[in-house]
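Residue numbers (this note's numbering): 2 to 115.
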């Protein structure tokens, strides 16, 4: 059973910052496209950001310039640094590993509210 272990969600005021972390098995981390998705209540899950094993990144338009995805290969961990958070960023955020199979984390709640 492949486990992606997430951490770092919480409640923050608009304009604040949070950093999400996702630890993956080494065998997955080195070979798979790693990414973050989110799902807000009543909405479909959407792709937020991805990072290749060579560090190439891709972002949802609405988070460009505010969110940064990165990876620490030594720790087999991918991060999502979220700055200038807005209420519309409120969602459950899921770590994803995409390759011959797809794996998901358990999800972590991010709430942006004053």
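The C-beta atom is built at its ideal place from N, Cα and C for all residues, glycine as well.
Minimum Cα-Cα distance from residue 74 among the listed residues 2, 16 and 23 corresponds to 23. Here residue 12 is exposed. Its C-beta has fewer than 16 other C-beta atoms within 10 Å. Here the alpha carbon of residue 85 sits roughly 19 Å from the alpha carbon of residue 58.
Note: residue 112 is bridge-paired with 12 in the DSSP secondary-structure output.
A check of alpha carbon separations from residue 65 across 113, 88 and 82 identifies 82 as the nearest. By the neighbour-count criterion, in which a residue is buried when 16 or more other Cβ atoms sit within 10 angstroms of its Cβ, residue 32 is exposed. At a cut-off of 4 residues, the continuous stretches assigned as alpha helix (DSSP H) that sit fully inside the region 12-94 are 27-30.
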